[in-house]
Amino acid sequence: MKNYLLAFTSVLLFSVISYSQTPSKENLYTLQSGESMVYGENCFNFSDNGKEIFIVIHGNDGYYTINNGVRKGPFKEMNESLLKPCNQNSSSCSVFEPNGNSEGISFDEYLKTNDDGTSSIVFKGKEYGPFMALQSFQFNSSKSFFVASAIEKDMSKKLIVSTGKVVPIDGMVSRVYFSPDGSQYLIKLGFDYTAQNIDPTKINMDQLMSFSLVTSEGNKFGPFNSEKITESDIWYTQTTGNHWFLRNGDDLLLDGKPFMKMPENANRCDVWFSADCKRYAVTSYDKVKFSDNTIVPYPIITTLFYKDGKAYLRLITLENEKDINLYTKAL
Amino acid sequence: MKKILTYILKPFSKINIVLLLILASSCSDKGKEFKAVFGQKYIDAEKYLENNKWIKDTIASYGVNPDLAISVIFPELIRYSAIKDLVETHSLEVLYTQYGSKYADFSIGRFQMKPSFAVHLENDWNLLSLNLHFKGKTESFNLSDNPQSRMQRIMRLKDEKWQAKYLAMFFTLVYAKYKMGLNSPEQELSFIASAYNTGYWYDSATIERMRKQNYFYTGLIKGNEVYNYSEISEYYYKKNCRK
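Residue numbers (our numbering), protein chains in the order written: chain A, 638 to 968; chain B, -1 to 241.
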């Protein structure tokens, strides 16, 4: 028994140590005397390893560019040819954004109208349907997978999934959220104006504004009020796989269940979770605070990168107005 | 004496006078078709205003002429449309919070307002007499030069509702400073636009001098293509707002 306890304590201690370790710190560049960063021209570009940095500084004798530690100059004047294009760091927000974005896709390639007026979906050589009408059609980000809603000949409504799954639904699909790998989805179902047997005199505002969520496993959550919970209050993150989040005021729900309070003043982009959602970091202007109380002050750039399948945050700071430092810590 | 006069007048020979006139006219953008000059960027700015009618309503609710206000910031909407994909301001927002405007003073958002502009507005707003219109709708600002108040300022500047409020404050302060009527005639638009772009805290001679100069550009760095800020404002007003 004693041995078990000792082993358990050791594992626990190791886990705590491995996740509460102080972040590693590396100096990327130190501004020399008389040098200052030219703020309008700095984009802080990063390569995949998240360590490279491009900055423009003004020294005593002109402008210099510092590209991954390589200093060029002086240049009497800055011009655009000296600058690197400023790419938006897509990972500076924890939210997985390209959720089922089907903009710019020609649906003619996938949808066909049959001679009898019905519609079918043709995807990867397979035909789905025919349906009386199609109401929505959305891809995941890699276009390897679709979710559509259709009205059958008996006027019932179904969710049609490219895997062959057909799910009866009782609302109008207003949004499909896909998980980062596209294998899971979350359907937002709103009030169905087209449903039969609706008595308009008996519809109230609460009904009109309510919506529910249906997962790819068929679990249903809600009803929620769409005035209080908007589309941006529901999201998958870059780091938590098929787990999804819902913000309801100050409360944060994980996979539809109560989880934690939303950190104060944080928006959805600012909260970074570990893959198992047990640890997190919250970014703000003045600090990044990890759930183990580690703090990195004033991160001018936050990027996400993976090593051996594990997610890390990389944080660049300017300390003492001269030291450009890089901190790295596992989520 | 004649020789001396000839020497003095030589630079003003007929040819040189013609050249001077050409140069003088090139310093003005009067009559320029700015919609054609800026193309899609201009159209994007117009669309933004069409899709965000609340901005004019908000400004009007503060007692400021919304047509004049929108015309004043219209060149900034064009610039924002041009550079929005090229700039990433988060780093600068952190640097400003951490070290203040001596380290990072940069344009934020659609209306391209800088933190230093906001500080001037907030400072003058706090000093305004209480009986002015809409003064009572805004609490005094915390002007402490510390990270907390700077962070709050950045958050305000990033909030579009606050940008509209700052714009209304700017008009109220300019009206108060230059004793203009609250329904300022459009002839004053050019001056107000220059005050917005130059800095309303400068004296009227400086604002007037800057009004005549071409220094507005839509790139990241000032290049050869520069335009007259006030004349873009006037152009927009005449096209869209003049009854």
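Just so you know, even glycine gets a beta-carbon here, dropped at the ideal spot from N, CA and C.
- When Cβ pairs closer than 8 Å are counted between the two stretches, the region 854 to 865 of chain A is seen not to touch the region 911 to 926 of chain A, the count staying below three.
- R951(A) sits in a strand when the DSSP states are folded into three classes.
- Rounded to the nearest whole angstrom, the C-alpha separation of I806(A) and M792(A) is 12 Å.
- S781(A) is positioned such that its CB atom lies no closer than 7 Å to that of L771(A).
- Nearest to G699(A) by alpha-carbon distance, out of K894(A), F691(A), G706(A), N716(A), is N716(A).
- Note on geometry: alpha-carbon atoms of W881(A) and S811(A) lie some 17 Å from one another.
- Listed along chain B are T95, P145, M149, each with a C-beta nearer than 7 Å to that of D923(A).
- Look at S89(B): its C-beta is under 7 Å from a C-beta on chain A.
- Residue environment analysis places Q161(B) among the buried positions, since at least 16 neighbouring C-beta atoms fall within 10 angstroms of its C-beta.
- By the C-beta criterion, the region 70 to 81 of chain B is judged to be in contact with the region 98 to 117 of chain B, since at least 3 inter-stretch pairs fall below 8 Å.
- DSSP places A116(B) inside the alpha helix (DSSP H), whose first and last residues are 113 to 125.
- Straight-line measurement puts the Cα of K51(B) at about 16 Å from the Cα of Y235(B).
- At least 7 Å separates the CB of I871(A) from every CB of chain B.
- The region 790 to 865 of chain A is shown to contain whole alpha helix (DSSP H) runs of 4 or more residues at 842 to 846, in chain order.
- Distance between L171(B) and M208(B), taken at the CA atoms: about 19 Å.
- A straight line joining the alpha-carbon of A34(B) with that of Y233(B) spans about 12 Å.
- Non-local C-beta neighbours of S928(A) in its own chain, meaning closer than 6 Å and more than five positions away in sequence, comprise R916, Y917, ordered along the chain.
- In chain order, G827, M846, S847, F848 place their CB closer than 8 Å to the CB of S863(A), counting only its own chain and leaving out the 5 sequence neighbours on each side.
- Listed in chain order, the positions of the region 929 to 940 of chain A with a beta carbon within less than 7 Å of a beta carbon of chain B are Y935, P936, I937, I938.
- Interface flag for V92(B) against chain A is set, since a Cβ pair is found closer than 7 Å.
- Boundaries of the alpha helix (DSSP H) around E206(B): 202 to 209.
- With 16 or more other Cβ atoms inside 10 Å of its own Cβ, Y922(A) counts as buried.
- For L963(A), the secondary structure class from DSSP, reduced to helix, strand or coil, is strand.
- A distance of 7 Å or more separates the beta carbons of I205(B) and F32(B).
- Each of D843(A), I840(A), F776(A), E663(A) was checked against the Cα of V813(A), and the nearest Cα belongs to F776(A).
- In summary, K163(B) is buried, with 16 or more beta-carbon neighbours lying within 10 Å of its beta-carbon over all protein chains present.
- Membership of T667(A) in the beta strand (DSSP E) is indicated by the continuous run 661 to 667.
- For the pair T659(A) and T939(A), the Cα-to-Cα distance works out to about 17 Å.
- Around the beta-carbon of L883(A), 16 or more other beta-carbon atoms lie within 10 Å, marking it buried.
- Each residue's CA atom was taken as its position, placing P936(A) and D201(B) some 39 Å apart.
- D836(A) counts as exposed, since fewer than 16 other C-beta atoms from the protein chains shown sit within 10 angstroms of its C-beta.
- Contact between S911(A) and L950(A) fails: their C-beta atoms lie close to 10 Å from each other, not under 8 Å.
- The Cβ atoms of Y873(A) and F733(A) sit closer than 7 Å to each other.
- Sorting I692(A), F712(A), K713(A), R708(A) by C-alpha distance to the C-alpha of S89(B) places I692(A) at the top.
- Taking C-beta separations shorter than 7 Å and ignoring five residues to either side along the sequence, the partners of P767(A) in its chain run N751, T755, S756, S757, following chain order.
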